[in-house]
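In the UniProt record's numbering, the protein residues as written are 1 to 148. Inspection log for the structure reproduced underneath, given as structure tokens.
Now the structure itself:
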């Protein structure tokens with residue numbers, strides 16, 4: 001299953017023990033695609049995080065590697081997945097709430113070891129394209145304040 005959203009990666013290990021400030025311990029929010037898939041050889045589940053800058057993506061193991069999933073703001077399209085190894089938090093933002101619920105439900109079934117159909121899991125994307133938005137200017141006052 002794929003989820004198109006905006007993600008941030010928080011590095012918990014760097015921030016421990018009075019290290020750098022939290023703003024230095026995270027990767028900037030970027031449009032990305034989260035994909036739940038299985039390893040082709042040993043069939044263990046993985047979570048792939050692909051961005052425009054990193055099309056190969058980052059791979060996180062799911063079996064026994066998820067510390068906690070924060071789902072309080074799922075109705076707003078936000079969630080947080082904490083991993084044991086590496087000590088990262090994947091912060092999900094600006095996701096469609098219905099798709100996010102389905103994604104987290106499937107992730108929960110994989111964590112608990114329940115059987116999952118192969119149709120629910122998909123291959124990582126080959127290319128991540130951000131959502132394009134257009135600007136409509138009807139009158140002079142509609143221009144952005146910092147427009148060249």
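Think of the CB as a built atom: it goes at the ideal place given N, C-alpha and C, for glycine as much as any other residue.
CB contact flag (residue i, residue j, <9 Å)
i: residue 36; j: residue 1; result: yes
i: residue 86; j: residue 63; result: no
C-alpha gap between residue i and residue j, whole angstroms
i: residue 51; j: residue 8; result: 11 Å
i: residue 78; j: residue 102; result: 13 Å
i: residue 84; j: residue 60; result: 10 Å
i: residue 82; j: residue 146; result: 38 Å
i: residue 68; j: residue 144; result: 41 Å
i: residue 140; j: residue 98; result: 38 Å
DSSP three-state assignment for residue i, whether helix, strand or coil
i: residue 45; result: strand
i: residue 78; result: coil
i: residue 122; result: coil
i: residue 65; result: coil
i: residue 105; result: helix
i: residue 146; result: coil
i: residue 29; result: strand
i: residue 72; result: coil
Integer Cβ distance of residue i from residue j, believed to fall under 8 Å
i: residue 53; j: residue 30; result: 7 Å
i: residue 106; j: residue 74; result: About 14 Å separates the two Cβ atoms, so there is no contact after all.
Reference residue i; option with closest CA among the options
i: residue 116; options: 38, 73 and 58; result: 38
i: residue 5; options: 91, 145 and 135; result: 91
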